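Here's the structure we're looking at; comments come further down.
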Amino acid sequence: MIPSPRHPAEVEARVFIALGSNLGDRLANLRFALSALAADCAIAVAAVSRLYETAPVGGPAQQGRY
0 MIPSPRHPAE VEARVFIALG SNLGDRLANL RFALSALAAD CAIAVAAVSR
50 LYETAPVGGP AQQGRY
(Lines of atoms letter the chains of each structure in order from A and count residues from 1; the text may use other names and numbers.)
(Lines give C-alpha, C1' and ligand atoms only; values in the text may rest on other atoms or scores of the structure.)
Protein backbone atom coordinates (compact mmCIF):
# COMPACT_ATOMS: atom_id res chain seq x y z
CA MET A 1 0.00 0.00 0.00
CA ILE A 2 1.34 3.43 -0.93
CA PRO A 3 0.91 6.02 1.83
CA SER A 4 -1.33 8.96 1.00
CA PRO A 5 -1.98 12.21 2.85
CA ARG A 6 -5.16 10.60 4.25
CA HIS A 7 -3.35 7.41 5.29
CA PRO A 8 0.24 8.33 6.22
CA ALA A 9 2.71 5.56 6.92
CA GLU A 10 3.41 5.20 10.63
CA VAL A 11 6.74 3.46 10.20
CA GLU A 12 9.91 4.57 11.91
CA ALA A 13 13.30 3.15 11.00
CA ARG A 14 16.86 4.02 11.88
CA VAL A 15 19.03 4.28 8.79
CA PHE A 16 22.65 5.14 8.13
CA ILE A 17 23.55 7.10 4.99
CA ALA A 18 27.09 7.53 3.67
CA LEU A 19 27.71 10.62 1.57
CA GLY A 20 30.73 11.34 -0.58
CA SER A 21 31.98 13.96 -3.00
CA ASN A 22 35.02 14.41 -5.20
CA LEU A 23 33.88 17.16 -7.57
CA GLY A 24 33.83 20.93 -7.13
CA ASP A 25 33.51 22.31 -3.61
CA ARG A 26 33.32 18.98 -1.81
CA LEU A 27 32.45 20.40 1.60
CA ALA A 28 29.68 22.58 0.13
CA ASN A 29 28.30 19.55 -1.73
CA LEU A 30 28.14 17.54 1.49
CA ARG A 31 26.58 20.41 3.43
CA PHE A 32 23.94 20.83 0.71
CA ALA A 33 23.10 17.12 0.76
CA LEU A 34 22.81 17.13 4.55
CA SER A 35 20.59 20.22 4.56
CA ALA A 36 18.36 18.67 1.88
CA LEU A 37 17.91 15.57 4.04
CA ALA A 38 17.23 17.65 7.15
CA ALA A 39 14.68 19.81 5.27
CA ASP A 40 12.49 16.77 4.65
CA CYS A 41 9.88 16.74 7.42
CA ALA A 42 9.84 12.92 7.34
CA ILE A 43 13.55 12.71 8.16
CA ALA A 44 15.15 13.48 11.53
CA VAL A 45 18.93 13.78 11.33
CA ALA A 46 20.09 12.42 14.68
CA ALA A 47 23.86 12.62 14.24
CA VAL A 48 26.57 13.46 11.73
CA SER A 49 30.03 11.92 11.74
CA ARG A 50 33.31 13.70 11.21
CA LEU A 51 34.55 14.16 7.66
CA TYR A 52 37.12 11.71 6.32
CA GLU A 53 39.26 12.37 3.27
CA THR A 54 40.61 9.40 1.35
CA ALA A 55 42.82 8.96 -1.67
CA PRO A 56 41.18 7.62 -4.85
CA VAL A 57 41.67 3.97 -5.79
CA GLY A 58 41.72 3.13 -9.48
CA GLY A 59 40.17 5.49 -12.00
CA PRO A 60 41.99 8.09 -14.08
CA ALA A 61 45.38 9.53 -13.09
CA GLN A 62 45.33 12.77 -11.06
CA GLN A 63 41.81 12.08 -9.82
CA GLY A 64 40.83 14.28 -6.90
CA ARG A 65 40.61 13.06 -3.32
CA TYR A 66 37.30 11.91 -1.82
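Here the sequence shown stands for residues 0 to 65, numbered as in numbering that gives the first Met the number 0. Every residue gets a Cβ at the ideal spot worked out from N, C-alpha and C, and that includes glycine. Because the structure is a prediction, the values reported are computed rather than measured.
CB contact flag (VAL44, ALA37, <8 Å): yes
Short of 8 Å in beta carbon distance, which residues of its chain neighbour ILE16, apart from the five on each side in sequence? Order them along the chain. LEU36
SER34 by DSSP, collapsed to three states: which one? helix
From this set, ARG25, ALA41, THR53 and SER20, which residue's C-alpha is nearest ALA12's C-alpha? ALA41
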